[in-house]
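Working notes for the structure below.
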Amino acid sequence: MPRCRKRRAADGSRPGRCSRRTRRTTSGRSASRRRRSRSCSRGCSAGSTREGGAVGRGAKMRQRTDGGRDGAGRRAGGLGRRRFLRLAGRGVMVAGAGALALPALGCGAGAAGAGAAEPPPPVRPPWTPAERARLESPGPGLPIPPHGSSEAALLRRRSRELEAGADLATLERLMRATLAESGGVGLAAPQVGIGVRAILVTLGARSDAPRTIWCVNPRIERRSDELQDDLEGCLSIPELCGLVRRQRALTVVYLDGPDEVSLDVEGFDARIFQHEIDHLDGALYTDRLLGPPAPKDALRPLREELGRRRAAGTVGDVLDPEQVAELWAAVLAPTGETAPGGGS
């Protein structure tokens, strides 16, 4: 804008400034006042970017990156310049200094006194009539029908997944009581006649501080390449035990209430998880036996003898068929016991 040659304009504007510039500035301020007068009573307009206001499509937002001017009234190295950000739509989170979380609705959004959203009610699991009758049992726990009986048909079926937040308090309470009474280290819902994907696993079962966790919709996300052979039994097949090969370490993902948990386990803990998740998929440990099944009473002697041989270095984590036969002969032959057939 060229400077006026007169020392002072006739309308009293600043010296050296043209009166036309003053009139233009005054006109711009008047237009700004008219635009503000069209705002709602709360001071926000349809395109406002105030917190609690709305941002329409194609709206612009002004954002300062700092105070803008230094103590002398000058711009601080250009850092105080305004940036114009074009927002393509509603509900945009603007990154950077002084970012605002912009709600999706109009000036009524974010009003003071608005209550927090209540959590959704628990989801009712889709129990079948037979499952509902079992859960209404007056006993402290639930019966475990043996494999091969008509009540144990769920052991050969894939169990149903459950929704997050499902109300499973009754099932968990009954299964915990059943596991405590049985003396086992794990229990799956199909073992008590409930065809859903829920299990109990006792972590640190061989330690001084075991704890039992409740897992809904468990799945194995990662398996180690290392394998290990060990003895297993099952509450659904109470008369047998056998040698089973499993992965040594796992990463298991499951629901604990509404939260998803990822857990790394190894050794005996990993074996229990694999055994119980097999139940949810309609599989039994007898499907994976390395040799003939043995009587359940031989479980502890076989495990102790296997531990002694590993400590001596005569066998490793994985046994070949000859080593399995020698182990069976060392424990079962002196007592005259023979392994019964069948079991699956």
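In numbering that gives the first Met the number 0, the protein residues as written are 0 to 343. All residues carry an ideal CB built from backbone N, CA and C; glycine is no exception. Since the structure is predicted, the reported quantities are computational estimates derived from the model, not experimental observations.
Reference residue i; option with closest CA among the options
| i | options | result |
| --- | --- | --- |
| Arg-172 | Arg-205, Arg-155 and Ile-212 | Ile-212 |
| Val-323 | Gly-147, Leu-289 and Ala-311 | Leu-289 |
| Glu-130 | Glu-231, Arg-205 and Ala-188 | Ala-188 |
| Pro-291 | Val-243, Gly-315, Gln-273 and Asp-263 | Val-243 |
| Gly-232 | Pro-139, Arg-287 and Ala-208 | Arg-287 |
| Leu-368 | Ile-219, Ala-165, Gly-266 and Pro-128 | Since the displayed the chain opens at 0 and closes at 343, residue 368 lies outside it and no answer follows. |
| Gly-192 | Ala-204, Ala-311 and Met-174 | Met-174 |
| Arg-245 | Gln-273, Ala-311 and Glu-220 | Gln-273 |
| Leu-226 | Arg-270, Leu-283 and Leu-170 | Arg-270 |
| Leu-134 | Leu-170, Ala-208 and Gly-147 | Leu-170 |
| Leu-356 | Leu-283, Pro-300 and Leu-301 | Any property of residue 356 remains undetermined from this structure, which presents the chain solely from 0 to 343. |
| Ala-297 | Arg-307, Ala-332 and Arg-210 | Ala-332 |
Sub-8 Å separation of residue i and residue j beta-carbons
| i | j | result |
| --- | --- | --- |
| Ser-235 | Leu-154 | yes |
| Pro-145 | Ala-152 | no |
| Asp-228 | Val-330 | no |
| Ile-143 | Thr-177 | yes |
| Ala-163 | Pro-124 | no |
| Gly-241 | Ala-204 | no |
| Lys-295 | Glu-259 | no |
| Leu-202 | Asp-263 | no |
| Val-195 | Cys-214 | no |
With 16 other Cβ atoms within 10 Å as the buried cut-off, status of residue i
| i | result |
| --- | --- |
| Pro-137 | exposed |
| Leu-326 | buried |
| Gly-315 | exposed |
| Leu-305 | buried |
| Gly-256 | exposed |
| Pro-320 | exposed |
| Gly-77 | Only weak support is given to the placement of Gly-77: the predicted model assigns it a pLDDT of 46, under 50, and the value that follows is read from those uncertain coordinates. Gly-77 should be labelled exposed. |
| Ala-168 | exposed |
| Ala-311 | exposed |
Reduced DSSP secondary structure (H/G/I, E/B, other) of residue i
| i | result |
| --- | --- |
| Pro-291 | coil |
| Gly-232 | strand |
| Ile-219 | strand |
| Gly-306 | helix |
| Arg-196 | coil |
| Leu-167 | coil |
| Pro-189 | helix |
| Val-264 | strand |
| Pro-144 | coil |
| Leu-134 | helix |
| Pro-209 | coil |
| Val-184 | coil |
| Pro-139 | coil |
| Asp-280 | coil |
heavy atom of the ligand HEM below 7 Å from residue i C-beta
| i | result |
| --- | --- |
| Val-191 | Inclusion of the ligand HEM in the displayed structure is not the case, the ligand content being empty and no account of it being possible. |
Next item on the list: Would you check if the segment 244-254 and the segment 176-190 touch, i.e. whether three or more CB-CB distances between them fall below 8 Å?
Entry: no
Next item on the list: Could you tell me whether the segment 145-161 touches the segment 279-292, where touching means 3 or more Cβ pairs closer than 8 Å?
Entry: yes
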